[in-house]
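Only one structure is covered here, and it is reproduced in the block below.
There are 2 protein chains.
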Amino acid sequence: MVDLLWGRDGKRSRGPRPVLTVAQIVEAAVAMADAEGLPAVTMQRLAERFGYTAMSLYRYVPKRTDLVTLMIDTALGTAPPLDASAGWKPALRTWATRLHAVFGEHPWLATATMQARPIGPKELSWLERAAAALAGTGLTGPQRVDAALVVLGHVRAQVQAAAGIAAEEGAALAATLNELLREHAGDYPALIEASAFGPAAHDGFAFGLDCILDGIEARTAVDPLS
Amino acid sequence: MVDLLWGRDGKRSRGPRPVLTVAQIVEAAVAMADAEGLPAVTMQRLAERFGYTAMSLYRYVPKRTDLVTLMIDTALGTAPPLDASAGWKPALRTWATRLHAVFGEHPWLATATMQARPIGPKELSWLERAAAALAGTGLTGPQRVDAALVVLGHVRAQVQAAAGIAAEEGAALAATLNELLREHAGDYPALIEASAFGPAAHDGFAFGLDCILDGIEARTAVDPLS
DNA sequence: CCCAAACTGTTTATGGCGTAAGCAAAACTG
DNA sequence: CAGTTTTGCTTACGCCATAAACAGTTTGGG
């Protein structure tokens with residue numbers, strides 16, 4: 015399976031040519047997950063899309079979880095190169111924004127990437143770009159990776175939260191939560207005062223990202239233009 | 015269902031007394047998830063534990079997803095009060111550390127809390143404590159909540175990562191990833207240099223938390239002892 | 001006090017899921 | 001042209017959540 019993920023295709027020999035390719039299947043699965051969510055991608059429904067039965071897909075992919083792993087790497091895509099000329103800070107901000115956009119296009123990604131699973135080459139390329147951007151900061155190697163992972167965690171959390179509220183049922187949930195909060199106002203004075211779930215005209219993603227980047231900067235020995 | 019979560023019990027009248035309580039069921043489910051993971055908690059296996067059939071549980075809980083919602087609120091528990099005498103920063107650090115510990119006791123929580131679902135009173139109490147700790151910082155209300163959510167996202171991400179590596183199969187995954195990284199060394203120079211997946215004797219949780227707290231501090235008008 | 005209403009836990013059944021095993025036909029290897 | 005390999009399909013299994021109908025128990029209203 016790791017071979018599939020990391021491109022080692024294996025040899026081709028006897029027997030009928032496979033009509034499909036793994037790439038085709040994975041792309042169709044990604045499209046399906048984008049449109050209907052990850053749980054809607056069942057082997058049966060995916061195979062239907064090609065006019066085949068569920069079992070035929072198992073000639074290409076060993077298990078459904080492996081399919082999901084492949085979907086993650088495909089949907090993430092290779093990380094774009096970063097312009098480091100203005101320093102690591104805008105570079106990392108760009109990185110986070112682009113990743114945020116990718117997660118936004120594939121809302122199921124944020125939940126799917128939170129499982130224990132083999133990491134693919136494209137996913138790893140994102141981490142590589144971020145670590146590279148932090149090269150001249152005086153942070154130690156593991157610290158650079160940790161810093162990238164903090165930003166990554168923030169991106170995922172924000173996408174997840176946004177997706178939850180955006181879901182048709184999410185808005186209703188937020189509304190009832192607001193009611194409940196007001197009913198139990200005495201138990202949550204700080205949240206009431208913060209009018210936490212009001213018509214929030216703010217950008218939680220940017221605020222958190224700024225916090226994290228400033229915090230990273232405070233731990234670097236060199237200035238952000240380094 | 016929200017009634018169940020927020021404690022509105024409803025009246026008791028005719029018919030035999032229920033032998034079980036919702037609380038009993040939820041506690042058993044939490045214990046099961048702690049021991050075997052959330053997917054292992056099926057209605058059948060949970061009912062078996064009480065010597066009942068799966069369907070009997072539906073007299074207490076409308077759907078399995080609702081059971082999970084109840085499990086989350088129960089496992090989180092009410093947030094402990096914070097000692098703010100030393101300022102918001104150590105208070106928030108304590109908050110994050112305790113939450114981290116709770117997530118650590120219930121590894122399934124980190125994934126389960128990432129879904130769109132009604133938030134329970136105990137979960138909300140955690141947010142309340144953090145928002146309260148940030149009261150005197152000069153941050154706006156929504157900013158205080160955003161700051162708390164950034165820390166929360168970090169806690170979740172770290173727990174998730176730690177759980178992935180701790181899983182018996184996770185160690186093997188990390189090892190093969192290391193091999194692959196070395197095989198493709200040319201594509202990932204920064205990660206190689208960072209020896210990202212070496213015998214990391216560092217604490218990613220603390221590093222990220224420090225970054226975030228420093229970043230929050232940079233956005234406060236008042237000093238951390240406020 | 002009695003009985004109908006309400007509520008219990010049960011059985012039975014449905015439709016979905018992932019996937020193991022076996023099978024005919026296809027296509028490459030010698 | 002064999003023989004072997006590999007394909008895509010059929011069949012089948014066990015598990016899942018949960019709908020529907022049912023029999024037994026308790027209790028409130030008359």
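As they're listed, the protein sequences go chains A and B. Each residue of the first sequence is one higher than the one before, counting from 15 in the numbering used here. Each residue of the second sequence is one higher than the one before, counting from 15 in the numbering used here. Note that the Cβ used here is the ideal one computed from N, Cα and C, for glycine as well. These numbers were taken from a predicted model, which means no experiment stands behind them.
Using a cut-off of 8 Å between C-beta atoms, extract the partners of residue i located in chain B.
i                 : result
VAL16 of chain A  : THR190, LEU194
SER209 of chain A : GLY155, PRO156
Note the first and the last residue of the continuous alpha helix (DSSP H) segment covering residue i.
i                 : result
GLY118 of chain B : 102-119
SER70 of chain B  : 68-71
ALA177 of chain A : 155-180
ASP97 of chain B  : Looking at the DSSP string, ASP97 of chain B is not in any alpha helix (DSSP H), and its letter there is neither H nor E.
MET46 of chain B  : 36-50
ALA61 of chain B  : 57-62
ARG28 of chain B  : Neither: ARG28 of chain B is in no alpha helix (DSSP H) and is coded neither H nor E.
ALA89 of chain A  : 78-90
VAL16 of chain B  : 16-19
Are the beta-carbon atoms of residue i and residue j separated by less than 9 Å?
i                 : j                 : result
ALA171 of chain A : ILE179 of chain A : no
LEU84 of chain A  : VAL40 of chain A  : yes
LEU60 of chain B  : ALA43 of chain B  : yes
ALA100 of chain B : VAL169 of chain B : no
GLY118 of chain B : VAL173 of chain B : yes
ALA235 of chain B : GLY167 of chain B : no
LEU195 of chain A : ILE206 of chain A : yes
CYS225 of chain A : ALA49 of chain B  : no
VAL36 of chain A  : VAL75 of chain A  : yes
HIS198 of chain B : PRO94 of chain A  : no
THR125 of chain B : LEU227 of chain B : no
TRP204 of chain B : ALA145 of chain A : Reading the sequence as shown, one finds Ala at residue 204 of chain B and not Trp. Yes, these two residues count as a Cβ contact at 9 Å.
ALA162 of chain A : LEU106 of chain A : yes
ALA98 of chain B  : GLY184 of chain A : no
VAL116 of chain B : LEU90 of chain B  : yes
MET57 of chain B  : ARG78 of chain B  : yes
ILE86 of chain B  : LEU141 of chain B : no
VAL164 of chain A : ILE230 of chain A : yes
PRO156 of chain B : GLY218 of chain A : yes
LEU113 of chain A : TYR202 of chain B : no
TRP102 of chain B : ALA147 of chain B : yes
ALA177 of chain A : PRO121 of chain A : yes
Residues of chain B with CB under 9 Å from residue i, in chain order?
i                : result
TRP20 of chain A : LEU194, GLU197, HIS198
So which residues of chain A does residue i contact, with C-beta pairs closer than 9 Å?
i                 : result
ASP87 of chain B  : Within 9 Å Cβ-Cβ: nothing; ASP87 of chain B doesn't reach chain A, min ~13 Å.
HIS168 of chain B : VAL164, GLY167, HIS168, ALA171, ILE226
For chain A, is any of its Cβ atoms less than 9 Å away from the one on residue i?
i                 : result
TYR202 of chain B : yes
GLU183 of chain B : yes
LEU141 of chain B : yes
PRO104 of chain B : no
LEU187 of chain B : yes
PRO135 of chain B : yes
HIS216 of chain B : yes
ALA175 of chain B : yes
LEU113 of chain B : no
LEU84 of chain B  : no
LEU138 of chain B : yes
Since residue i meets chain A, which of its residues come closer than 8 Å, beta carbon to beta carbon?
i                 : result
ALA146 of chain B : PRO203, ALA204
ILE39 of chain B  : Those within 8 Å of ILE39 of chain B in chain A number zero; the least Cβ separation is about 23 Å.
Name the chain B residues whose beta carbon is nearer than 7 Å to that of residue i?
i                 : result
PHE221 of chain A : GLN157, ASP160
ALA232 of chain A : ASP228
LEU52 of chain A  : Here the premise fails: no neighbours, minimum Cβ distance about 12 Å.
Kindly indicate if chain B contains any beta-carbon less than 9 Å away from that of residue i.
i                 : result
LEU81 of chain A  : no
THR125 of chain A : yes
ALA60 of chain A  : The displayed chain sequence assigns Leu, not Ala, to residue 60 of chain A. Answer no: the Cβ-Cβ gap between LEU60 of chain A and chain B never drops below 9 Å.
LEU71 of chain A  : no
Run down chain A in chain order and give the residues with a C-beta less than 7 Å from the C-beta of residue i.
i                 : result
GLY178 of chain B : ALA130
ILE149 of chain B : The amino acid occupying residue 149 of chain B in the given sequence is Ala; Ile does not appear at that position. Chain A residues near ALA149 of chain B: ALA204.
Q: For the segment 115-151 of chain A, list the alpha helix (DSSP H) runs that are entirely contained and at least 4 residues long, ordered along the chain.
A: 122-126, 135-147
Q | Every unbroken alpha helix (DSSP H) within the segment 190-236 of chain B, with a cutoff of 4 residues, ordered by chain | A | 203-207, 218-232
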